[in-house]
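Visitor:
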Amino acid sequence: MNSDNLHPVELSSQVIDSGIVNQPLNRFTQELTEIDDGLAIVESFSHCWIQKTEEGLVCIDASGPQTGKAVVESMRAWSQDPVHTLVYTHGHIDHVGGSGAFFADVKDKGVSPPKVVAHEGVIPRFERYRMTNGWNSFINKRQFGGIRPLANFGLGNTVENFVPKDVAEPDQTYRDQLSMKVGNWNFELRHARGETDDHTWVWDPDNKAVFAGDFVAWVFPNAGNPQKVQRYPIEWAAAMREMLAVGAEKIYPAHGLPIVGRKRVEQVLGDIAESLEHLADSTLKLMNEGATLDQIIHEVKLPDHLQEQPWLAPQYDEPEFVVRNVYRQFGGWWDGNAANLKPAPEQRVAKEMVQLAGSVETLIDRALEVTEAGDLRLACHLIELAVTAEPIHEGAHRARAEIYWRRRAEERSLMSKGIYASAARQSEAVFGEETNRKSMRSRSDK
Ligand SMILES: [Zn+2]
Numbered sequence: 012m013n014s015d016n017l018h019p020v021e022l023s024s025q026v027i028d029s030g031i032v033n034q035p036l037n038r039f040t041q042e043l044t045e046i047d048d049g050l051a052i053v054e055s056f057s058h059c060w061i062q063k064t065e066e067g068l069v070c071i072d073a074s075g076p077q078t079g080k081a082v083v084e085s086m087r088a089w090s091q092d093p094v095h096t097l098v099y100t101h102g103h104i105d106h107v108g109g110s111g112a113f114f115a116d117v118k119d120k121g122v123s124p125p126k127v128v129a130h131e132g133v134i135p136r137f138e139r140y141r142m143t144n145g146w147n148s149f150i151n152k153r154q155f156g157g158i159r160p161l162a163n164f165g166l167g168n169t170v171e172n173f174v175p176k177d178v179a180e181p182d183q184t185y186r187d188q189l190s191m192k193v194g195n196w197n198f199e200l201r202h203a204r205g206e207t208d209d210h211t212w213v214w215d216p217d218n219k220a221v222f223a224g225d226f227v228a229w230v231f232p233n234a235g236n237p238q239k240v241q242r243y244p245i246e247w248a249a250a251m252r253e254m255l256a257v258g259a260e261k262i263y264p265a266h267g268l269p270i271v272g273r274k275r276v277e278q279v280l281g282d283i284a285e286s287l288e289h290l291a292d293s294t295l296k297l298m299n300e301g302a303t304l305d306q307i308i309h310e311v312k313l314p315d316h317l318q319e320q321p322w323l324a325p326q327y328d329e330p331e332f333v334v335r336n337v338y339r340q341f342g343g344w345w346d347g348n349a350a351n352l353k354p355a356p357e358q359r360v361a362k363e364m365v366q367l368a369g370s371v372e373t374l375i376d377r378a379l380e381v382t383e384a385g386d387l388r389l390a391c392h393l394i395e396l397a398v399t400a401e402p403i404h405e406g407a408h409r410a411r412a413e414i415y416w417r418r419r420a421e422e423r424s425l426m427s428k429g430i431y432a433s434a435a436r437q438s439e440a441v442f443g444e445e446t447n448r449k450s451m452r453s454r455s456d457k
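The end of the sequence shown is residue 457 by the working numbering, with every number in the run present.
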């Protein structure tokens, strides 16, 4: 409320109307801004939306473990009303991890704690996270650790338990739809699969507003994520169509900016739906013609007019990964290459290739040559063969680090950048120094 930041609705309208972005759209300021009658957003990771009602506050999303406390403080500077209900749009840690702060806020005050409402899939999600705690910490380190400005989003690196111990379990769950009345306010919770299988979007019919969770996030939809469980691009697109069909005029997302005005809502939701539908339809068409995964990922592309939209920027996930997720959803894990059905150990193949090439140096030189020629996809295959055949070869690892830093520099999505950076660092660890990492990184951060 105290900031020099542009009002989120003003910024959003400017960006949508002009198509020009000249400042960050996902802001983690922890600042509260009033958006509508008794409605506020605290911009965080994730945002928390707060609606005043006659019976207390309704909060949508609790933000993450590192930001929950700051969100509650911003909320308390605005309203002292008790929190009546806390809705989780889904069980990702950046939406539920701050719930402990909402409960700490009422401790010893003689006030009843918020009722937590979520889709029924949130509970098995928490169980799955506990079962795969080490794995999740590891992949988040790789996904978020490889890129500077996002630090680690408060995830992974320092969190011992992927689900913090003070996260509140839902008190009430639902399967398809749930109508909730708090004071004079109506909230219709609707389930759809998209980024997750436990997603809720909340419809406020009186204000024609949708609290969209991660269905709208001002980046290319996180429907492809290479290291995580299945996402649902087709159902995601259908949810966009459903929000348009009920007559949404305002979209209040959990990341990025609010969208106000029917035309703007139609533009953004329409583009998200169209891009996911295009990727899914094209992938299924090729699958139905018997194509292999290899053919599909190199053939299916997003149409030009969708590629540069600010609300579809591939900064986090990217279209190629969505194609893979559609293939996985309908096609199983086998990629269509018969050799990959029951493969030889990678090292056996690599050693054979080194022998055919004559020496590991030949492979390394060729990898660097094709790097210079700009074919980084091919260069990565060659250098992987080299280090797999000779895992402690210093020259191979020096070349590998260089190739992956170059590759990272050419990528836009955090998921690719993170994985390539972690590969480069892995090789640097083998030859025991950080070489030119600083200079390479400053190059690649441009
Ligand atoms: Zn999120």
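Don't be surprised by glycine CBs; every beta carbon is placed ideally from N, CA and C.
Remember, predicted model here, so these are calculated numbers, not experimental data.
Run through the segment 95-142 for me and flag every whole alpha helix (DSSP H) of 4 or more residues, listed as ranges in chain order.
Guide: 104-107, 110-117 and 133-142
Visitor: Sorry if obvious, but does the Cβ on A115 come closer than 7 Å to a heavy atom of ligand 1?
Guide: Answer for A115: no, Cβ out of range of ligand 1.
Visitor: Name the two residues that bound the continuous beta strand (DSSP E) containing E199.
Guide: Residues W196 to H202.
Visitor: When the Cα of H18 is compared with those of H392, E300, V271 and P325, which residue comes out closest?
Guide: V271
Visitor: Counting only runs of 4+ residues fully inside the segment 292-334, write out the alpha helix (DSSP H) ranges in chain order.
Guide: 304-310 and 315-318
Visitor: Closer than 6 Å by C-beta to L393: which residues in its own chain qualify, once you throw out the five before and the five after it? Chain order, please.
Guide: The residues are L374, R377 and A378.
Visitor: Can you pull the DSSP bridge partners for E45?
Guide: A51
Visitor: Report yes if the CB atom of Y244 is closer than 8 Å to the CB atom of V311, and no otherwise.
Guide: The identity of residue 244 in the sequence shown is Pro, whereas the question assumes Tyr. No, the pair does not count as a contact, with Cβ atoms beyond the cut-off.
Visitor: What's the C-alpha gap between R273 and S438?
Guide: Spanning the two alpha carbons is a distance of roughly 51 Å.
Visitor: Leaving aside the five residues before and after V2 along the sequence, list all residues of the same chain whose C-beta is less than 6 Å from its C-beta, in chain order.
Guide: An answer regarding residue 2 cannot be provided, because it is not within the stretch 12 to 457 covered by the chain.
Visitor: On the three-pair Cβ rule with 8 Å, is the segment 85-103 touching the segment 129-138?
Guide: yes
Visitor: Relative to ligand 1, is the shortest distance from any of its heavy atoms to the C-beta of S57 smaller than 7 Å?
Guide: yes
Visitor: For ligand 1, is there any heavy atom lying closer than 7 Å to the beta carbon of D225?
Guide: yes
Visitor: List the residues that DSSP assigns as beta-bridge partners of C391.
Guide: In DSSP, C391 forms no bridge with anything.
Visitor: Work out the CA separation of G369 and G167 for me, nearest whole Å.
Guide: Low confidence applies to G167: its pLDDT is 38, below 50, so where it sits in the model is not reliable, and the reading given next is rough at best. Roughly 43 Å between the two C-alpha positions.
Visitor: Tell me the DSSP secondary structure of F231 in three-state form.
Guide: coil
Visitor: At the level of alpha carbons, what is the spacing between I144 and P216?
Guide: Position check: residue 144 holds Asn in this sequence, whereas Ile was assumed. If you take the alpha carbons of N144 and P216, they lie about 39 Å apart.
Visitor: Report the three-state DSSP secondary structure of P264 (helix, strand or coil).
Guide: strand
Visitor: Mapping the DSSP letters down to three states, classify L17 as helix, strand or coil.
Guide: coil
Visitor: Quick check: the Cα distance between I308 and Y140, rounded to an integer number of angstroms?
Guide: 30 Å
Visitor: Under 8 Å between the Cβ atoms of V221 and W229?
Guide: no
Visitor: What three-state label does DSSP hand F39 in the structure shown?
Guide: coil
Visitor: Classify F164 as helix, strand or coil using the three-state DSSP reduction.
Guide: Confidence at F164 is low in this model, with a pLDDT of 43, below 50, so the placement of that residue should be treated as unreliable; the coordinate-derived value is given next. F164: coil per DSSP, three-state reduction.
Visitor: Taking 8 Å as the threshold (C-beta atoms), are G111 and G79 in contact?
Guide: yes
Visitor: Rank Q183, K296, W214 and F173 by C-alpha distance to the C-alpha of V127 and give the top, closest one.
Guide: Q183
Visitor: Between which two residues does the beta strand (DSSP E) carrying S190 extend?
Guide: Q188 to V193
Visitor: Would you mind working out which of E277, L255, E246 and G267 sits nearest L290, comparing C-alpha positions?
Guide: Of the listed residues, the one whose Cα sits closest to L290 is E246.
Visitor: DSSP three-state call for Y338: helix, strand or coil?
Guide: helix
Visitor: What residue range does the alpha helix (DSSP H) around L255 cover?
Guide: P244 to V257
Visitor: Is there contact here, the segment 229-241 with the segment 86-98, by at least three beta-carbon pairs under 8 Å?
Guide: Short answer: they don't touch.
Visitor: So for V170, helix, strand or coil by DSSP?
Guide: Bear in mind that the predicted position of V170 carries a pLDDT of just 41, short of 50, making it unreliable; the figure below should be weighed with that in mind. When secondary structure is reduced to three states using DSSP, V170 falls in the coil class, being assigned neither helix nor strand.
Visitor: Can you list, in chain order, the residues of its chain whose CB lies under 8 Å from that of W345, leaving out five sequence neighbours each side?
Guide: N351 and L352
Visitor: Assign I6 to one of three DSSP states: helix, strand, or coil.
Guide: Because the chain here runs from 12 to 457, residue 6 falls outside it and cannot be looked at.
Visitor: Taking I403 as part of the beta strand (DSSP E), name the residues at either end of that continuous run.
Guide: Where I403 is concerned, there is no enclosing beta strand (DSSP E), given that its DSSP letter is neither H nor E.
Visitor: Is the beta carbon of Q154 sitting closer than 8 Å to the one on M426?
Guide: Yes, the Cβ-Cβ distance between Q154 and M426 is below 8 Å.
Visitor: What does the alpha-carbon distance come out to for the pair Q25 and K120?
Guide: 43 Å
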